[in-house]
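Position one of the sequence shown corresponds to residue 2 (this note's numbering), numbered consecutively onward. All C-beta atoms, glycine included, are put in the ideal place defined by N, C-alpha and C. Computed from a predicted structure; not experimentally measured. Contents: one structure, followed by commentary.
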Amino acid sequence: MSNKYWGWGLEDDEFYVRLKEAGLTVIRPQNISTGTHNTFKHVHDRNHRKRDMIKCYNQREVTRKRDRQTGLNNVSYKMLGTIKMTIGDTPLTVLNISLMCDKINTPWCECDKIISSKDGKSKEKKKVNNKSTTRL
Numbered sequence: 002m003s004n005k006y007w008g009w010g011l012e013d014d015e016f017y018v019r020l021k022e023a024g025l026t027v028i029r030p031q032n033i034s035t036g037t038h039n040t041f042k043h044v045h046d047r048n049h050r051k052r053d054m055i056k057c058y059n060q061r062e063v064t065r066k067r068d069r070q071t072g073l074n075n076v077s078y079k080m081l082g083t084i085k086m087t088i089g090d091t092p093l094t095v096l097n098i099s100l101m102c103d104k105i106n107t108p109w110c111e112c113d114k115i116i117s118s119k120d121g122k123s124k125e126k127k128k129v130n131n132k133s134t135t136r137l
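Quick look at the structure:
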């Protein structure tokens, strides 16, 4: 998975391309009633999730290309805790993490600190450090 996606989506498209390039076959179960556009609920409420509506830097252009620099091998995070549970008869562990924002390679990771102007260009609200955290 790429580390270049912060809050607004398309990471699954890039992951699909990675799987295909690796020669893996991707199939969908035939016995489900949802399709490629309605399997997961996407909540993009302008008032509740303002981050999803903000235009930041050149995020869309950069993330439309196959990311060959970032992934699980170089993601930076802090473990905040774990929750062990069982669903049905299957035990699982939920990891509560805080992703570390790399402002050099992905300046849009702190997009909530950005003001989107009418001309589509972004301006910083305030000066921030090169590294900070965004809690998921």
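DSSP-derived helix/strand/coil call for residue i
i, result
"K79", "strand"
"K85", "strand"
"N74", "helix"
"L96", "strand"
"D103", "strand"
Residue j beta carbon less than 7 angstroms from that of residue i
i, j, result
"M80", "I98", "yes"
"R67", "V18", "yes"
"I84", "V95", "yes"
Residues of its chain near residue i, where Cβ-Cβ distance is below 6 angstroms and the 5 sequence neighbours each way are ignored
i, result
"S77", "M101"
"N4", "T71 and V76"
"G82", "N97"
Residues near residue i by beta carbon distance below 8 angstroms, same chain, minus five either side
i, result
"F16", "M2 and S3"
Same chain, Cβ closer than 7 angstroms to residue i, five either side skipped, listed in chain order
i, result
"E12", "M2, S3 and Y6"
Check: residue i C-beta below 6 angstroms from any heavy atom of the ligand SAM
i, result
"V27", "As presented, the structure is devoid of all ligands, the ligand SAM included, so that no description of it is given."
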